[in-house]
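In the working numbering, the protein residues as written are 35 to 177.
From the three backbone atoms N, C-alpha and C, an ideal C-beta is built for every residue, glycine too.
Structure, as structure tokens:
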Amino acid sequence: MPNITIINGPNLNLLGMREPGVYGNETFDDFFAQLKKDFPQVNFTYFQSNIEGELVNAIQQYGFNQDGIILNPAAYTHTSVAIGDAVAAIKTPVIEVHISNVHAREDFRKISHVTAKSVGSIVGLGLKGYALATEWFIANANQ
Ligand code: DQA
35 MPNITIINGP
45 NLNLLGMREP
55 GVYGNETFDD
65 FFAQLKKDFP
75 QVNFTYFQSN
85 IEGELVNAIQ
95 QYGFNQDGII
105 LNPAAYTHTS
115 VAIGDAVAAI
125 KTPVIEVHIS
135 NVHAREDFRK
145 ISHVTAKSVG
155 SIVGLGLKGY
165 ALATEWFIAN
175 ANQ
């Protein structure tokens, strides 16, 4: 059974009520409940924090014992050298996910400290990006 951890950064706990025109109307809890039903063969862990160092701690904690990490560092994507360094330091492959198309928004969102250290990135496909990343880890587990 593949072990996949989803790590979400700041303000993603407000999905569903936060800027619905950008991030949609669905809460992450509702999405995650459906994701677990859609992928019963996956053992999911979920962690969210608004605090940069807690995200670094989670990347370290799950970075040596999972088959994949799906990471949306939210605004810290664009600012956090520490989160980029944590992704580079671990063994577990990371897929970077952004709900919105960060390349079609403000220029500061075009910079990511994690893209170059990730196996790949999925941006702009909404919450579906987490499901697509899950599919990739299932298909590529143990490679
Ligand atoms: C985000 C994009 C970031 O630029 C933003 O700060 C977020 C969410 C996304 O999923 O689209 O909080 O990571």
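Sequence-distant residues of its chain with Cβ nearer than 7 Å to residue i (five each side left out)
{"i": "I145", "result": "H112"}
{"i": "S134", "result": "V56, Y57 and G158"}
Three-state secondary structure (DSSP) of residue i
{"i": "L159", "result": "coil"}
{"i": "N42", "result": "strand"}
{"i": "I50", "result": "Strictly speaking, residue 50 in this sequence is Gly, with Ile absent from that position. G50 falls in the coil class under three-state DSSP."}
{"i": "G55", "result": "helix"}
Distance cut-off 8 Å: residue i Cβ against heavy atoms of ligand 1
{"i": "L166", "result": "no"}
{"i": "V56", "result": "yes"}
{"i": "G118", "result": "no"}
{"i": "S114", "result": "no"}
{"i": "T111", "result": "yes"}
{"i": "I133", "result": "yes"}
{"i": "V121", "result": "no"}
{"i": "G43", "result": "yes"}
{"i": "A108", "result": "yes"}
{"i": "L89", "result": "no"}
{"i": "V157", "result": "yes"}
Close Cβ partners of residue i (< 8 Å) along its chain, the five nearest in sequence each way excluded
{"i": "P54", "result": "none"}
{"i": "A175", "result": "P36, D101 and G102"}
{"i": "Q94", "result": "A120, A123 and I124"}
Where residue i falls, given that 16 or more other Cβ within 10 Å makes a residue buried
{"i": "P74", "result": "exposed"}
{"i": "A167", "result": "buried"}
{"i": "V115", "result": "exposed"}
{"i": "G33", "result": "The structure shown does not extend to residue 33, since the chain spans only 35 to 177, so no value can be given for it."}
Any chain E beta carbon closer than 9 Å to residue i
{"i": "T126", "result": "As a matter of chain content, chain E is missing from the structure shown, which is built from one protein chain."}
Same chain only: Cβ atoms within 6 Å of residue i, ignoring 5 sequence neighbours per side
{"i": "A154", "result": "Correcting the residue identity first, residue 154 is Gly in this sequence and not Ala. Excluding sequence neighbours, G154 sits near I129."}
{"i": "I104", "result": "I40, I129, V131, Y164 and A167"}
{"i": "V136", "result": "R143 and V157"}
{"i": "N83", "result": "With the sequence shown as reference, residue 83 is identified as Ser, and Asn is not the correct amino acid for it. Same-chain partners within the cutoff: L89."}
Can you list the alpha helix (DSSP H) stretches of 4 or more residues lying completely in the segment 75 to 135, in chain order?
List check, alpha helix (DSSP H) in window: 86 to 96 and 115 to 123.
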